[in-house]
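*Asks:* Be aware that the sequence shown starts at -9, since it is given in our numbering, and climbs by one per residue. One structure, pasted below without further comment.
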Amino acid sequence: MDFGTHIHSEGEGIKELRAMENGIKRVVSYAFYPISPSAPETMIDMFRKLTTFEVSRAEKGITLYPAIGVHPRCIPLGYHKVFSFMEENPSKAFGEIGLETASDQEVAVVDHTNERTAGKILKAGYWTGLTLQPGKLSREEVEKIVEKYGFERFLLNSDTGFSDDELFAVSKIEYLLQKFDAREVEKLAFRNAEKFQ
-9 MDFGTHIHSE GEGIKELRAM ENGIKRVVSY AFYPISPSAP ETMIDMFRKL
41 TTFEVSRAEK GITLYPAIGV HPRCIPLGYH KVFSFMEENP SKAFGEIGLE
91 TASDQEVAVV DHTNERTAGK ILKAGYWTGL TLQPGKLSRE EVEKIVEKYG
141 FERFLLNSDT GFSDDELFAV SKIEYLLQKF DAREVEKLAF RNAEKFQ
């Protein structure tokens, strides 16, 4: 049972979401508005859609955890209204954002890392997201990273949604990394992600 730790369900059709059920049973779907919104209400409505409609759309076979946040490229004028909404309507996760502070109970994940940055992020005590997607990381690059640093504090994701990417990347990784111990690969595919529930 794989865990898609970073997708954008709004960019997927219902057929793609149903197809995910074959290997992925839980996903974290991140809020992402691909252009700079003209008003804060645009973001608020997107969060409402993600936390209600997208959750119910996926629930026939996938548990969807919504992650709300404002991508740095998509900060609207009047963003304080968006932040007020986020404070009044807490989400399971905050995503597509950068946080400068966190409490001891919160866990930060630095996503879309690569071989050059993974070691620095782990050394700083953060979790590291590995994105298996053309232009981000290949299977071979993921192999090199886990060979060097092990399988702890890594989350594997596909960042699927709005681009021509690999819908089943997380499900396929278990077969692609056969040279490693199956229990270690399970950590990468879903066990590490379970620690965030």
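Note that beta-carbon positions come from the ideal geometry of N, C-alpha and C, so glycine has one too.
Thinking C-beta only, is A57 closer than 8 Å to F84?
*Replies:* Yes; because the gap between Cβ atoms is below 8 Å, this pair is in contact.
*Asks:* Could you give the distance in angstroms between the alpha-carbon of S46 and the alpha-carbon of K15?
*Replies:* Using only the alpha carbons, I get a separation of about 14 Å.
*Asks:* Would you please state the rounded distance, in angstroms, between the beta carbons of T107 and L120? I believe it to be under 8 Å.
*Replies:* Their Cβ separation, rounded to whole angstroms, is 11 Å, which puts T107 and L120 out of contact at 8 Å.
*Asks:* Can the beta-carbon of P27 be found less than 8 Å from the beta-carbon of P62?
*Replies:* Result no, Cβ atoms of P27 and P62 do not sit closer than 8 Å.
*Asks:* How many Å lie between G59 and G140 at the Cα?
*Replies:* When rounded, the distance between both Cα atoms is 30 Å.
*Asks:* Give me whichever residues DSSP pairs with N147 in a beta bridge.
*Replies:* In DSSP, N147 forms a bridge with T121.
*Asks:* Taking only the alpha-carbon atoms, compute the straight-line gap between R173 and V72 and give it to the nearest angstrom.
*Replies:* For R173 and V72, the distance between alpha carbons rounds to 41 Å.
*Asks:* Under the rule that 16 or more other beta-carbon atoms within 10 Å means buried, what is N182, buried or exposed?
*Replies:* Answer is buried; the Cβ neighbour count reaches 16.
*Asks:* Our contact map puts P30 next to G68 with C-beta atoms below 8 Å; I'd like the distance itself, whole angstroms only.
*Replies:* 4 Å between Cβ atoms; contact.
*Asks:* In whole angstroms, what is the alpha-carbon distance linking F37 and A21?
*Replies:* So the alpha carbons of these two residues sit roughly 7 Å apart.
*Asks:* Restricting to Cα atoms, I'd like to know which of E105, K110 and Y116 is closest to A98.
*Replies:* Residue Y116 is the option with its Cα nearest to A98.
*Asks:* DSSP three-state label for S19, please.
*Replies:* Three-state DSSP puts S19 in a strand.
*Asks:* Excluding the 5 residues preceding and the 5 following I135 in the sequence, name in chain order all residues of the same chain whose CB lies nearer than 7 Å to its CB.
*Replies:* The residues are E105, A108 and L120.
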